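For the sequence shown, this note's numbering begins at 2 and goes up steadily by one.
Before any comments, here is the structure.
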Amino acid sequence: MNKKRTLFCVIAALALVFLSVPCWSSPQMDAAKKWVDNEFQPSTLTKAQQMKEMEWFIKASAPFKGMKIKVVSETIPTHEYEAKVLTKAFEEITGIKVAFDLIQEGDVIEKLQTQWASGKNIYDGWVNDSDLIGTHMRYGYVVPLSDFMKGEGKDVTLPTLDIDDFMGLSFVTGPDGKIYQLPDQQFANLYWFRYDWFKRPDFKKKFKEIYGYELGVPVNWSAYEDIAQFFTEVVKEIDGKAVYGHNDYGKKAPDLGWRFTDAWLSMAGVGSKGIPNGIPVDEWGIRVEGCTPVGSSVCRGGAANSPGAKYALRKYMEWLRKYAPPGCLGLDFYTYLPILAKGNVAQQIFWYTAFVSDMVKPGPTVNADGTPKWRMAPSPHGPYWEEGMKLGYQDCGSWTFMKSTPLDRRKAAWLFAQFCVAKTTSLKKALVGLTPIRDSDIRSQAFTDRAPKLGGLVEFYRSPARVAWTPTGTNVPDYPKLAQLWWQNVGEAVSGEVTVSRAMDNLAREMDKVMARIERAGVQKECGPKLNPCIDPNVWLNKPGSPKAKVNEKPQGETVDYDELIKAWREGRVK
Numbered sequence: 002m003n004k005k006r007t008l009f010c011v012i013a014a015l016a017l018v019f020l021s022v023p024c025w026s027s028p029q030m031d032a033a034k035k036w037v038d039n040e041f042q043p044s045t046l047t048k049a050q051q052m053k054e055m056e057w058f059i060k061a062s063a064p065f066k067g068m069k070i071k072v073v074s075e076t077i078p079t080h081e082y083e084a085k086v087l088t089k090a091f092e093e094i095t096g097i098k099v100a101f102d103l104i105q106e107g108d109v110i111e112k113l114q115t116q117w118a119s120g121k122n123i124y125d126g127w128v129n130d131s132d133l134i135g136t137h138m139r140y141g142y143v144v145p146l147s148d149f150m151k152g153e154g155k156d157v158t159l160p161t162l163d164i165d166d167f168m169g170l171s172f173v174t175g176p177d178g179k180i181y182q183l184p185d186q187q188f189a190n191l192y193w194f195r196y197d198w199f200k201r202p203d204f205k206k207k208f209k210e211i212y213g214y215e216l217g218v219p220v221n222w223s224a225y226e227d228i229a230q231f232f233t234e235v236v237k238e239i240d241g242k243a244v245y246g247h248n249d250y251g252k253k254a255p256d257l258g259w260r261f262t263d264a265w266l267s268m269a270g271v272g273s274k275g276i277p278n279g280i281p282v283d284e285w286g287i288r289v290e291g292c293t294p295v296g297s298s299v300c301r302g303g304a305a306n307s308p309g310a311k312y313a314l315r316k317y318m319e320w321l322r323k324y325a326p327p328g329c330l331g332l333d334f335y336t337y338l339p340i341l342a343k344g345n346v347a348q349q350i351f352w353y354t355a356f357v358s359d360m361v362k363p364g365p366t367v368n369a370d371g372t373p374k375w376r377m378a379p380s381p382h383g384p385y386w387e388e389g390m391k392l393g394y395q396d397c398g399s400w401t402f403m404k405s406t407p408l409d410r411r412k413a414a415w416l417f418a419q420f421c422v423a424k425t426t427s428l429k430k431a432l433v434g435l436t437p438i439r440d441s442d443i444r445s446q447a448f449t450d451r452a453p454k455l456g457g458l459v460e461f462y463r464s465p466a467r468v469a470w471t472p473t474g475t476n477v478p479d480y481p482k483l484a485q486l487w488w489q490n491v492g493e494a495v496s497g498e499v500t501v502s503r504a505m506d507n508l509a510r511e512m513d514k515v516m517a518r519i520e521r522a523g524v525q526k527e528c529g530p531k532l533n534p535c536i537d538p539n540v541w542l543n544k545p546g547s548p549k550a551k552v553n554e555k556p557q558g559e560t561v562d563y564d565e566l567i568k569a570w571r572e573g574r575v576k
């Protein structure tokens, strides 16, 4: 009998090992099973693998059971899902309660600065744009996650996190090779257009008669401008409704700054070649030597007030006034968003894919079968752009942790952050918010099935072209201090207080002043600013690379057929 019992136990133990399934039960495991079965589907993992991850979370979180932590992010659908659904699942499975605040991105940055300055713990975890990577790596307030995962956070780091599966890993990595943040969501800033209108034979015929080339996805800004003029001044109306060839916003407010720092200048061609960001000159016009910022003015080797930068601001203002719907000049980012869904805009050069989930809802821009009448495509580039440069912006909201947060609270928040991006939960979250972070998720069958109703989102993220859309990089030494200068100076030009040239000269000079103060303070160690002397700008403009001398700013318009472009992406080609 004893031999039989022993044999039975050995067989049972071996079965548990080889099947790799949880060998124990608890209310927490029951809760995990409920969430895996009813909410976290589909997944790139099997249910057994999902349950294995959940078992790890239960064990790793045991020391923090009963704790209440606070985290914060900007308000977009992805984070609403985390705040409403994933916090509840995490509490039921781990026993850790999460208070998840949803606020505007500007307020997130303001609270970050408050915690840095005071040393007082406001939040235990932050979803903060990777645009601040240059700030985080220089000031030392933020915990480098690559160090944390190997050191004091090793016991709470998910073995199946698979860090190399994150598409935005380069965005959160400093020049020192350290990972400072963990991507939680990302979305690109692409070109949006009415595919159904662009396919109309009468429009195609008329456009070619006037402009001498095919109506299609604009490759350069000349074509974008021609198309904007065509729909606004030639087509004028469709089905008795006035139509416009462009959409934008112009109110003097902080979000006007994002309109430019989110890579508008790189789209024009300001800056140097380099992916994810131009080196030595980035899309803010800031020049670095090694990891040291040396200036943003042309006289210091920067490009913030270069001919290309002034061209970019001038075109923004011109198109807004001539081709956008009435009233756009007085709108801010939040109030202009609903305009596209009304169905009377032909194209938009600057459109965040975070809003795909809203644009696929029934309405004037969606067909009866649920497929969109619109598509998204690569951003057109300005005349200063060169092959090998970034082509647009990509937001990468990333989990960020402060050294001023007590270790036990930081560990508990790190567990929740990983819960939000683990393979068990990530695919379902991506299907809800449409801001995918994992390569394995975007290549899943679930996204293949959704692709026809997402207007090109899936094809873009599966294509090699996606690497040319990146966030602000490491050249920017203090994002909060420098970002506020953009909306103030651009706003003065838009309102007519100063000329375009004066606005960009003022911006470059003020950015240099901020960097000079940081240099004098000596708070950023070896990668802090050390400004070049200001010399004759022509010395720099006559050198190869950025800053660039003035070029022909109205070359021939160029377009590409959208269906051919998508075919190339599906075959793994950029174009």
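In this text, a Cβ means the ideal position worked out from N, Cα and C, and glycines have one as well.
Because the structure is a prediction, the values reported are computed rather than measured.
Check	Outcome
Which residues DSSP lists as bridging Val-218, in chain order	Val-561
Segments of 4+ residues assigned as alpha helix (DSSP H) that fall wholly inside the segment 261-298	265-269
Local Cβ density within 10 Å of Ile-104, reported as buried at 16 or more and exposed below that	exposed
Nonlocal neighbours in the same chain, by C-beta distance under 7 Å from Lys-89, ignoring five residues either side	none
Rounded C-alpha distance that separates Glu-559 from Lys-35	54 Å
Residue ranges of each alpha helix (DSSP H) within the segment 375-463, 4 or longer	408-422, 424-434, 440-443, 446-451 and 458-463
Per DSSP, the bridge partner or partners of Phe-101	Val-72
Alpha carbon of Lys-207 to alpha carbon of Phe-232, nearest angstrom	11 Å
Tyr-335 classed as buried or exposed, judged by whether at least 16 other C-beta atoms fall within 10 angstroms	exposed
Alpha carbon of Cys-469 to alpha carbon of Ser-27, nearest angstrom	The sequence given here places Ala at residue 469; Cys does not occur at that position. Distance between the alpha carbons of Ala-469 and Ser-27 is about 48 Å.
Rounded C-alpha distance that separates Asn-173 from Gln-187	The sequence as given places Val at residue 173; Asn does not occur at that position. The straight-line gap from Cα to Cα measures roughly 12 Å.
Cβ-Cβ separation, Arg-411 to Val-185 (assumed contact under 8 Å), whole Å	Reading the sequence as shown, one finds Asp at residue 185 and not Val. With 8 Å as the limit, Asp-185 and Arg-411 do not qualify as a contact, their Cβ atoms being about 16 Å apart.
Which of helix, strand or coil DSSP assigns to Leu-321	helix
Any non-hydrogen atom of the ligand ZN within 7 Å of Lys-85 CB	For the ligand ZN, the structure offers nothing, since it holds no ligand at all.
Span separating the alpha-carbon of Gly-331 from that of Lys-429	38 Å
Limits of the alpha helix (DSSP H) - the one that Ala-212 falls within	Reading off the sequence shown, one finds Tyr at residue 212, where the question assumed Ala. Unbroken alpha helix (DSSP H) run through Tyr-212: 202-212.
Per DSSP, the bridge partner or partners of Asn-190	Tyr-353
C-beta contact flag for Tyr-480 and Thr-473 at 8 Å	yes
Whole beta strand (DSSP E) elements within the segment 154-193, 3-residue minimum	none
Proximity of Met-268 and Leu-392 at Cβ, strictly below 8 Å	yes
Coarse secondary structure for Ile-239, derived from DSSP in three states	strand
Three-way DSSP call (helix, strand, coil) for Pro-373 in this model	strand
Three-state secondary structure (DSSP) of Asn-129	strand
Candidates Ala-61, Thr-426, His-80 and Lys-274, of which the one nearest Asp-156 by Cα	Ala-61
Simplified DSSP state of Gln-116, which is helix, strand or coil	helix
Residues that DSSP places opposite Thr-471 in a beta bridge	Tyr-394
Contact set for Ala-189: own chain, Cβ-Cβ below 6 Å, skip 5 residues either direction	Thr-354, Gln-395 and Trp-470
Anticipated Cβ contact below 8 Å, Phe-448 with Ala-347, distance rounded	Actually they do not touch by this definition, with Cβ atoms about 28 Å apart.
Cβ-based burial, Leu-408 [other Cβ within 10 Å; buried from 16]	exposed
Residue from Val-143, Leu-46 and Gly-107 whose Cα sits closest to the Cα of Ser-405	Val-143
Inter-residue Cα distance where the pair is Ala-224 and Asn-476	31 Å
Own chain partners of Thr-79 with C-beta closer than 6 Å, once the 5 adjacent residues on each side are dropped	Gln-186, Gly-434 and Thr-436
Helix, strand or coil at Asn-50 according to DSSP, with G and I counted as helix	Reading off the sequence shown, one finds Gln at residue 50, where the question assumed Asn. Looking at Gln-50 - three-state DSSP - the assignment turns out to be helix.
Reduced DSSP secondary structure (H/G/I, E/B, other) of Tyr-245	strand
Close Cβ partners of Met-150 (< 6 Å) along its chain, the five nearest in sequence each way excluded	Thr-158
Exposure of Trp-25, with buried meaning 16 or more beta-carbon neighbours within 10 Å	Because Trp-25 carries a pLDDT of 45, less than 50, the predicted location of this residue cannot be relied on, and the following value inherits that uncertainty. Counting Cβ neighbours within 10 Å, Trp-25 comes out exposed, since fewer than 16 surround it.
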